[in-house]
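Colleague: Mind looking over this structure? Questions follow.
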Amino acid sequence: MEESNFIYVTYISTTPEILWNALFDPKMTEQYWQHENVSDWQSGSKWEHRRFDNGEVLLVGKVIESASPRRLVLTWADPADADHEEKHTRVTFEIDPISDVVRLTVTHDRLKAGSEMLRDISDGWPKVLSSLKSLLEVGKPLPRLW
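Our numbering applies: residue 409 is where the sequence shown begins, and numbers increase by one.
The structure is reproduced here in structure tokens:
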């Protein structure tokens with residue numbers, strides 16, 4: 409299987425601690441993602457991506473590495489594939505302070521070239537992360553784009 413990677417880099421006027429909280433606190437993700445990311449974010453723990461309105465689980469995975477507030481690596485899968493780790497993709501969040509801003513790099517890899525997952529995340533990550541940036545910098549997320 410040929411694999412693809414998706415990398416998105418943005419610069420946000422905030423601190424690493426505030427950005428970390430915004431990425432993983434369900435009350436924050438609800439505002440800009442319309443979903444909750446639920447876990448204790450410790451290495452080895454499971455996580456779920458749930459709709460905030462009805463609790464439907466949309467994505468599942470496991471935390472591979474957690475180094476608050478700088479780096480988080482997790483697996484990412486459809487709930488039907490929860491027990492099939494060979495079908496899991498991987499997402500790495502890297503948070504680097506640069507002067508008075510933070511560089512956020514999201515790398516989503518282990519994606520099957522041409523897959524529906526690659527198409528979905530290539531459209532979704534820029535929308536979600538732009539909305540996050542807007543929320544942190546101007547206090548309000550973007551209008552729902554999806």
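Note that CB positions come from ideal geometry on N, CA and C, so glycine has one too.
Since we're looking at a predicted model, the values are computed, not measured.
Would Asn462 be called buried (16 or more neighbouring beta carbons within 10 Å of its own) or exposed?
Modeller: Within the sequence shown, the letter at position 54 stands for residue 462. Asn462 is exposed by the Cβ-count criterion.
Colleague: Roughly how many angstroms separate the alpha carbons of Glu493 and Glu502, rounded to a whole number?
Modeller: The residue given as residue 493 occupies position 85 in the sequence shown. The residue given as residue 502 occupies position 94 in the sequence shown. Approximately 23 Å, taken between the alpha carbons.
Colleague: Pick from Pro477, Ala430, Val481, Asp491: whose alpha carbon is nearest that of Gly452?
Modeller: Numbered from 1 along the sequence shown, position 44 holds the residue referred to as residue 452. The residue with the shortest Cα to Cα distance from Gly452 is Val481.
Colleague: Whole angstroms is fine: what's the gap from Ile470's alpha carbon to Ser538's?
Modeller: For the purposes of this step, residue 470 is taken as residue 62 along the sequence shown, with counting starting at 1. For the purposes of this step, residue 538 is taken as residue 130 along the sequence shown, with counting starting at 1. Before going on, a small fix: residue 470 reads as Lys here, not Ile. Roughly 25 Å between the two C-alpha positions.
Colleague: Against chain B, with Cβ distances strictly below 9 Å, would Glu411 count as a contact?
Modeller: In the structure shown, chain B cannot be found, because there is only a single protein chain.
Colleague: Excluding the 5 residues preceding and the 5 following Pro549 in the sequence, name in chain order all residues of the same chain whose CB lies nearer than 6 Å to its CB.
Modeller: By one-based count along the sequence shown, residue 549 stands at place 141. Hits under 6 Å: Gln439, Tyr440, Ser539, Ser542, Leu543.
Colleague: Buried or exposed: which applies to Ile420, given that a residue is buried once 16 or more other Cβ atoms fall within 10 Å of its Cβ?
Modeller: Here residue 420 refers to the residue found at position 12 of the sequence shown. Ile420 should be labelled buried.
Colleague: In terms of alpha-carbon separation, which member of Phe460, Glu411, Phe414, Ile415 lies closest to Asp433?
Modeller: On the sequence shown, position 25 is the one that residue 433 refers to. The residue with the shortest Cα to Cα distance from Asp433 is Phe460.
Colleague: When the Cα atoms are used, what is the spatial distance from Met436 to Leu553?
Modeller: Translated into positions along the sequence shown, residue 436 becomes position 28. Translated into positions along the sequence shown, residue 553 becomes position 145. Met436 and Leu553: Cα-Cα distance of roughly 17 Å.
Colleague: Tell me the rounded alpha-carbon separation between Val546 and Trp428.
Modeller: In the sequence shown, the residue the question calls residue 546 occupies position 138. In the sequence shown, the residue the question calls residue 428 occupies position 20. Distance between the alpha carbons of Val546 and Trp428: 17 Å.
Colleague: Which one or two residues does DSSP pair with Tyr416 in a beta bridge?
Modeller: Taking the first residue of the sequence shown as position 1, residue 416 is located at position 8. Tyr416 pairs with Val514.
Colleague: Enumerate in chain order the residues of its own chain whose CB-to-CB distance from Trp449 is below 8 Å, with the five nearest sequence positions on each side excluded.
Modeller: Position 41 of the sequence shown, counting from 1, holds the residue named residue 449. Correct list, in chain order: Phe432, Trp455, Val471, Ser474, Ser476, Leu480.
Colleague: Measure how close the beta-carbons of Asp528 and Thr497 come, nearest whole angstrom, since I'm counting them as under 8 Å.
Modeller: Here residue 528 refers to the residue found at position 120 when the sequence shown is read from its first residue. Here residue 497 refers to the residue found at position 89 when the sequence shown is read from its first residue. About 11 Å separates the two Cβ atoms, so there is no contact after all.
Colleague: For His443, which residues of its own chain have a beta-carbon under 8 Å away from its beta-carbon, when the five flanking residues on both sides are left out?
Modeller: Here residue 443 is taken as the residue at index 35 of the sequence shown, counted from 1. Taken in chain order, the residues that qualify are Thr437, His457, Arg458, Arg459, Phe460, Leu466.
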